[in-house]
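Shown next, in structure tokens, is the structure this report addresses.
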Amino acid sequence: MTEPSLSNQDLSFSAAVFTACICALFGANAVAIKISLTGLGVFTTAGLRFTIASAAVFLWARITGRSFYIKKQQIPQLLLISLSFVVQLSLFYLGLSKSNASRGTLVLNIQPFFVLFLAHFFIPGDRITIRKTLGILMGFSGVAFVFLEKKGISTDFQIGDMMILTGSFLWSCNAVYTKRIIHTFLPFHLVLYPMVLSVPVFFLEGFLWDGAMISHVDAEIVAALLYQSLVTASFGFLAWITLLQKYGAVALHSFIFIMPIAGVMLGGLVLGEPITIKILSALLLIVAGILVVHFRQEKLIPLFSLGRNA
């Protein structure tokens with residue numbers, strides 16, 4: 439059997455709008471996590487989140503008649519993705535517990551630049567150009583501004599930021615690897631099985647290292663947990679993995695400029711986190727870097743790819 443092509447379609451205008459909305463939802467997720475951490479342990483939060491999300495995705499798959507069958511040769515691939523999933527999310531949650539939502543969102547959003555670099559070597563057709571190089575440099579300069587911010591920043595903040603940066607790199611590796619193997623899976627398999635396999639590990643981490651796994655619960659914490667579980671971890675991940683299959687890692691990650699904007703603004707508005715000049719500078723550089731990569735001079739792809747849809 440001939441291996442399916444790894445080439446990607448251009449995003450339609452409606453797909454671009456939908457992708458932008460998904461990125462805004464993801465951008466708000468760090469704020470929801472910070473709220474959850476006021477009453478739940480770091481790894482316990484992750485375990486509860488993906489328990490609920492796994493149940494939601496399983497029920498959706500059963501109701502819509504999806505097949506849960508996987509081939510024997512797919513098991514090692516799923517185990518590798520699951521291992522990366524556990525490590526990257528553990529680093530992100532632990533890092534965010536030490537930092538704040540706005541800083542965490544900015545550091546996490548170095549991810550599209552990692553994806554650009556990795557895709558050059560591992561995804562046919564996704565080549566690094568001068569324009570992409572400029573965007574990558576701008577993105578890394580933005581993250582540098584986050585680390586240069588010293589006002590009210592303790593050693594814990596810096597350690598947390600480094601954890602999130604490491605998690606971001608692993609997330610990018612996972613995205614590129616997923617793109618290479620996704621044609622052999624039903625998209626929801628790559629959402630459901632890593633979450634199911636990760637849940638026992640998160641709870642074990644919580645039991646070992648959280649101290650008080652649950653200190654208190656109120657309506658705000660429950661709402662924040664349900665947002666993480668149902669809006670981003672189930673609906674959001676399913677939507678993202680389906681879009682990834684059709685349009686490709688680089689095209690979708692061009693929209694992640696929306697995530698830092700949502701994360702920084704909501705971090706300030708909802709959590710009262712400081713939005714300093716360096717944080718704003720970091721935001722502008724990261725957003726500008728992604729836009730430089732995203733927009734082409736000859737045509738605006740994929741946000742305004744309207745020709746075939748007019």
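Residue 439 is where the sequence shown starts when you use the working numbering, and the numbers rise one by one after that.
In this text, a Cβ means the ideal position worked out from N, Cα and C, and glycines have one as well.
- Below 8 angstroms, enough C-beta pairs join the region 627–647 and the region 467–486 to call them touching: three or more.
- A direct Cα-Cα distance of roughly 8 angstroms separates Ile460 from Ala677.
- With contact defined as three or more Cβ pairs closer than 8 angstroms, the region 587–597 and the region 639–657 are not in contact.
- Its Cα nearest to that of Ala557, the residue Tyr615 stands out among Gly503, Phe675, Ser492, Tyr615.
- Assigned with DSSP and collapsed to three states, Ile652 falls in strand.
- Taking C-beta atoms as the reference points, Ala662 and Ser474 count as a pair closer than 8 angstroms.
- For the 8 angstroms CB-CB criterion, Leu624 and Arg541 do not form a contact.
- If you draw a straight line from the Cα of Phe607 to the Cα of Gln512, it comes to about 24 angstroms.
- Gln447: not part of any alpha helix (DSSP H); DSSP gives it neither H nor E.
- No residue range can be given for Arg565, since it is assigned to no alpha helix (DSSP H) and is classified by DSSP as neither H nor E.
- For Asn547, no alpha helix (DSSP H) segment is defined, and its DSSP state is neither H nor E.
- The three-state secondary structure of Leu475, taken from DSSP, is coil.
- In this structure, DSSP gives Glu587 a state outside helix and strand, which the three-state scheme calls coil.
- With the rule of 3 Cβ pairs closer than 8 angstroms, the region 697–709 counts as touching the region 463–471.
- Within the region 449–534, the complete alpha helix (DSSP H) runs of at least 4 residues fall at 451–465, 467–474, 480–501.
- Val525 places its beta carbon 8 angstroms or farther from that of Phe626.
- Under the three-state reduction of DSSP, Thr714 is assigned to coil, being neither helix nor strand.
- For Trp609, same chain residues with a beta-carbon under 7 angstroms away, outside a window of 5 residues either side, are Gln526, Gln549 in chain order.
- In the three-state scheme derived from DSSP, where H, G and I count as helix and E and B as strand, Phe623 is classed as coil.
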